[in-house]
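Peer 1: What follows is a structure written as C-alpha cells; I'll ask about it next.
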Amino acid sequence: MSTVQIDRLLDTVIRQDASDLHLTVGRPPTIRLDGRLRSLQTKVLDADDMVALMKAVTPEKNQQEIQEMGGTDFGFGYGDQARFRVSIFRQKSSLAMVLRLIPSRLLTFEQIGLPKIVEELLRRPRGLFVVTGPTGSGKTTSLATMVDHINSSFDRHIVTVEDPIEYYHAHKKSVVNQREVGGDVPSFAEALRRVLRSDPDVILVGEMRDLETMESAIRAAETGHLVFGTLHTTGAAGTITRIIDAFPTNQQAQVRVQLSTSLLCVLSQQLLARNDRPGRVAAYEFLVVTPAIANLIRENKTFRIDSAIQTGKKFGMQLLDDHLWSLYSDGVISAEEMIDKGKDPGELAQKVHRSGGLVGRAEFDEASDEMDD
Numbered sequence: 041m042s043t044v045q046i047d048r049l050l051d052t053v054i055r056q057d058a059s060d061l062h063l064t065v066g067r068p069p070t071i072r073l074d075g076r077l078r079s080l081q082t083k084v085l086d087a088d089d090m091v092a093l094m095k096a097v098t099p100e101k102n103q104q105e106i107q108e109m110g111g112t113d114f115g116f117g118y119g120d121q122a123r124f125r126v127s128i129f130r131q132k133s134s135l136a137m138v139l140r141l142i143p144s145r146l147l148t149f150e151q152i153g154l155p156k157i158v159e160e161l162l163r164r165p166r167g168l169f170v171v172t173g174p175t176g177s178g179k180t181t182s183l184a185t186m187v188d189h190i191n192s193s194f195d196r197h198i199v200t201v202e203d204p205i206e207y208y209h210a211h212k213k214s215v216v217n218q219r220e221v222g223g224d225v226p227s228f229a230e231a232l233r234r235v236l237r238s239d240p241d242v243i244l245v246g247e248m249r250d251l252e253t254m255e256s257a258i259r260a261a262e263t264g265h266l267v268f269g270t271l272h273t274t275g276a277a278g279t280i281t282r283i284i285d286a287f288p289t290n291q292q293a294q295v296r297v298q299l300s301t302s303l304l305c306v307l308s309q310q311l312l313a314r315n316d317r318p319g320r321v322a323a324y325e326f327l328v329v330t331p332a333i334a335n336l337i338r339e340n341k342t343f344r345i346d347s348a349i350q351t352g353k354k355f356g357m358q359l360l361d362d363h364l365w366s367l368y369s370d371g372v373i374s375a376e377e378m379i380d381k382g383k384d385p386g387e388l389a390q391k392v393h394r395s396g397g398l399v400g401r402a403e404f405d406e407a408s409d410e411m412d413d
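What follows is the structure in C-alpha cells.
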C-alpha cells in the first residue's frame with residue numbers, strides 16, 4: 041500500500057465525519073462512526089500494508105520509539121483540513137494504528153451543549169476546573185471550546201500542556217502558548233514546574249495523570265490562576281474522591297482543605313449515539329463548588345455530593361442521569377443508550393418501565409438484578 045492509500049483513508053474519515061480510523065492486520069480499514077465500528081470496502085490489511093501505512097505518517101523519532109518501546113503517540117496536520125492524533129502499537133508481532141480525527145474548526149457552547157453557567161465560571165481569575173469522562177467522551181473538544189471562548193473574550197496569557205497538541209489555537213484577544221509533552225517539554229510535571237515563571241493567567245493541563253501533576257495543578261489554582269485539567273473518572277463525587285485518594289494518607293486532610301478552596305467545578309461528560317438523526321450528543325454532570333459543597337469536601341462527606349447537586353439546580357448543577365433522562369424523554373437518545381451510559385442503570389430502567397417505555401428485555405432484567413443485589 042502506498043501513501044496514496046493513506047490519503048484516501050484519511051479523506052474518507054473526514055468526508056464521513058468519523059471519529060477514528062482503526063488499522064490492524066487481518067481486517068479491512070475500519071472507521072468509528074457515531075460510536076459504532078464500520079469496516080470500509082477495501083482489502084484486508086496484511087503486515088506489509090501496516091508497515092507502509094505506518095511509515096507514510098510517522099516521524100523518524102516516533103518510528104524509533106516503536107522499535108524501542110513497542111508503541112508511540114503523536115499528532116499531525118493533514119493539509120488544512122484536519123489534524124489527527126495517532127496511536128501506534130505492536131500486537132501479535134505486527135503493527136496496529138488508531139488515528140483519531142481532531143476537527144479543525146472549534147465549536148461553540150451552543151453546538152456542544154455546554155451548561156450555560158460554564159461561561160460565567162470562565163470569567164473567574166482563579167480556581168481548578170476539572171473535566172472528566174471516559175476516553176472518547178469529548179473532553180478535548182469541551183476544553184478547546186472553553187479555551188477558545190477565553191481567547192476570544194478576554195486578554196489573558198494562556199499556556200497549555202498537551203500530549204499531543206490537538207486543537208491549534210490562534211492568538212486572538214489572548215496570547216496562547218501550547219507546549220507539547222515529548223517535543224517541547226519532557227513531562228507534564230516538568231512543564232508545570234516551570235509554567236508559573238511564564239506569567240500565565242490560564243493553564244491547561246492535558247491530563248492529571250500522576251500525583252506530581254495533581255499537586256502542581258492544585259497549587260497553581262491556589263496561587264491565582266485558572267487551571268483546567270482532565271481525569272478519566274465518571275461523575276463529580278467520584279472525581280473528588282479520586283484526586284484525594286491519589287495522595288498519601290497523611291496528606292489527604294490537607295488536600296481536602298486545598299480542594300475545598302481551589303476547586304471551581306467538575307464537568308463530567310459522556311458521548312451518546314443520537315436516536316433522532318445521525319451524529320452524537322453529549323450528556324453532562326455538573327458540580328459547582330458552593331460554600332455548602334466546599335464543606336462536604338473538607339469534612340470528607342463526598343458521598344453526600346450527589347444529593348447536593350440535585351438541590352443545587354439554581355446554581356446550574358445537574359446529575360448525569362437527570363440529563364440522560366431528559367435527552368431520552370425528548371427522543372434524542374434511545375432507552376438502551378441511556379441505560380448503558382447511566383450511573384444507576386437499574387433506576388433508569390425502572391423509570392422507563394414506569395413511564396410505559398420499553399427497554400431490551402435482557403438489559404432490563406440485568407438492570408433489575410443489579411437493583412436487587
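Taking our numbering, the leading residue of the sequence shown gets 41, the next gets one more, and so forth. We put the beta carbon where it would ideally sit given N, CA and C, even for glycine. Here the structure is a predicted model, which is why all the values come from computation and not from measurement.
1. Would you give the residue range spanned by the beta strand (DSSP E) that D60 belongs to?
2. Alpha carbon to alpha carbon, how far is G396 from M248? Give it in angstroms, no decimals.
3. Count the other CB atoms, across all protein chains shown, that sit within 10 Å of the CB of H211; report buried if there are 16 or more and exposed otherwise.
4. Please report the distance separating the alpha-carbon of I142 from that of E202.
5. For chain C, check one thing: does any of its Cβ atoms lie closer than 9 Å to the Cβ of D224?
6. Rounding to the nearest angstrom, what Cα-Cα distance links A323 and W365 in this structure?
7. Going by beta carbon distance, what residues of the same chain come within less than 8 Å of R29, once the five residues before and after it are set aside?
8. With R123 as the anchor, note down where its alpha helix (DSSP H) starts and where it stops.
9. Can you tell which of S182, F194 and T148 has its C-alpha closest to the C-alpha of P165?
10. Report all residues from its chain with a CB closer than 8 Å to the CB of M90; omit the five preceding and five following residues, and keep chain order.
11. Please name the residue, chosen from Q131, D113 and D346, that lies closest to R125 on a Cα-to-Cα basis.
12. V306 to T82, Cα distance in whole Å?
13. In the DSSP assignment, what are the bridge partners of Y118?
14. Excluding five sequence neighbours on each side, which residues of the same chain lie with their C-beta closer than 6 Å to the C-beta of T270?
15. Is it buried or exposed for Q298, if we count other Cβ within 10 angstroms and need 16 for buried?
16. Can you tell me which of the three DSSP states I284 falls into?
17. Can you tell me whether Q107 is buried or exposed, with buried defined as 16 or more other CB within 10 angstroms of its CB?
18. Can you give the Cα-Cα distance for H265 and G167, rounded to whole angstroms?
19. Can you check whether the CB of N217 is closer than 9 Å to the CB of I26?
20. Going along the chain, which residues of its own chain have a beta-carbon closer than 6 Å to the beta-carbon of T70, five neighbours each way excluded?
21. Using only the alpha-carbon positions, how far apart do D241 and L162 sit?
22. Can you list, in chain order, the stretches of the beta strand (DSSP E) that have 3 or more residues and sit fully within the segment 252–333?
23. When we look at the beta-carbon of N340 and count the other beta-carbons within 10 Å, is it buried (16 or more) or exposed?
24. When burial is assigned at 16 or more other CB atoms within 10 Å of the CB, is S374 buried or exposed?
25. Are at least three pairs of beta-carbons, each pair with one atom in the segment 324–338 and one in the segment 348–360, less than 8 Å apart?
26. In terms of residue numbering, what span does the beta strand (DSSP E) encompassing V199 cover?
27. Below 9 Å between beta carbons: does that hold for T181 and L147?
28. Which of the three DSSP states is assigned to D370 in this structure?
29. What's the C-alpha gap between M41 and T98?
30. Taking DSSP as the reference, what is the three-state secondary structure of P385?
31. Express the C-alpha separation of L244 and V58 in angstroms, rounding to a whole number.
32. Of all the options N335, A257, S256 and S308, which has the alpha carbon lying nearest to the alpha carbon of A293?
33. Do T253 and A229 count as a contact pair if the criterion is CB distance below 9 Å?
34. How would you label K132, buried or exposed, when you count the other beta carbons within 10 angstroms and need 16 or more for buried?
35. Counting along the chain, where does the beta strand (DSSP E) carrying N340 start and finish?
36. By the DSSP assignment, the beta strand (DSSP E) with I142 in it spans what residues?
Peer 2: On the basis of the coordinates in this document:
1. Looking at the DSSP string, the run of the beta strand (DSSP E) that includes D60 is D60 to T64.
2. For M248 and G396, the distance between alpha carbons rounds to 43 Å.
3. By the Cβ-count criterion, H211 is exposed, with fewer than 16 other Cβ atoms from all chains shown falling within 10 Å of its own Cβ.
4. Going from the Cα of I142 to the Cα of E202 covers about 14 Å.
5. The chain inventory of the structure shown lacks chain C, comprising one protein chain alone.
6. If you draw a straight line from the Cα of A323 to the Cα of W365, it is about 10 Å long.
7. Past the edges of the chain, shown from 41 to 413, lies residue 29, and the structure says nothing about it.
8. First-last for R123: A122 to Q131, but that is the beta strand (DSSP E), not the alpha helix (DSSP H).
9. Out of S182, F194 and T148, F194 has the C-alpha closest to the C-alpha of P165.
10. Answer for M90: L63, T64, V65, S134, L135, A136 and M137, listed in chain order.
11. When only C-alpha atoms are compared, the closest one is D113.
12. In a straight line, the C-alpha of V306 is about 43 Å away from that of T82.
13. Looking at the DSSP assignment, Y118 forms a beta bridge with A122.
14. Cβ neighbours of T270 within its own chain (closer than 6 Å, five residues either side excluded): V171, K179 and E247.
15. Buried.
16. Reduced to three states, the DSSP call for I284 is helix.
17. When all chains shown are included, Q107 counts as exposed.
18. Distance between the alpha carbons of H265 and G167 is about 6 Å.
19. Nothing can be reported for residue 26: it is not among the residues displayed for the chain, which extend from 41 to 413.
20. The beta carbon of T70 lies closer than 6 Å to those of H62, L77 and S79 in the same chain, with the five residues before and after it left out.
21. Roughly 12 Å between the two C-alpha positions.
22. Here the runs fully enclosed are 266–271, 303–313 and 320–328.
23. The residue in question, N340, is exposed, as its Cβ has fewer than 16 Cβ neighbours within 10 Å.
24. In the assembly as shown, S374 is a buried residue. Its beta-carbon has 16 or more other beta-carbons within 10 Å.
25. With a cut-off of 8 Å on Cβ pairs, the segment 324–338 is in contact with the segment 348–360, counting three or more such pairs.
26. In the DSSP assignment, V199 falls within the beta strand (DSSP E) that extends over H197 to E202.
27. Cβ atoms of T181 and L147: closer than 9 Å.
28. Note: D370 maps to coil in three-state DSSP.
29. Low per-residue confidence applies at M41: pLDDT is 38, beneath 50, and the placement is therefore not dependable, though the value from the model is reported in the following sentence. Roughly 15 Å between the two C-alpha positions.
30. Here P385 sits in helix by DSSP.
31. Before going further, note that residue 58 is Ala rather than Val in the sequence given. A58 and L244 have their C-alpha atoms some 26 Å from each other.
32. Among N335, A257, S256 and S308, the Cα nearest to that of A293 belongs to N335.
33. Yes. Within cutoff.
34. With fewer than 16 Cβ atoms within 10 Å of its Cβ, K132 is classed as exposed.
35. Unbroken run through N340: none, as it is neither H nor E.
36. Under the DSSP assignment, I142 falls in the beta strand (DSSP E) whose first and last residues are S134 to P143.
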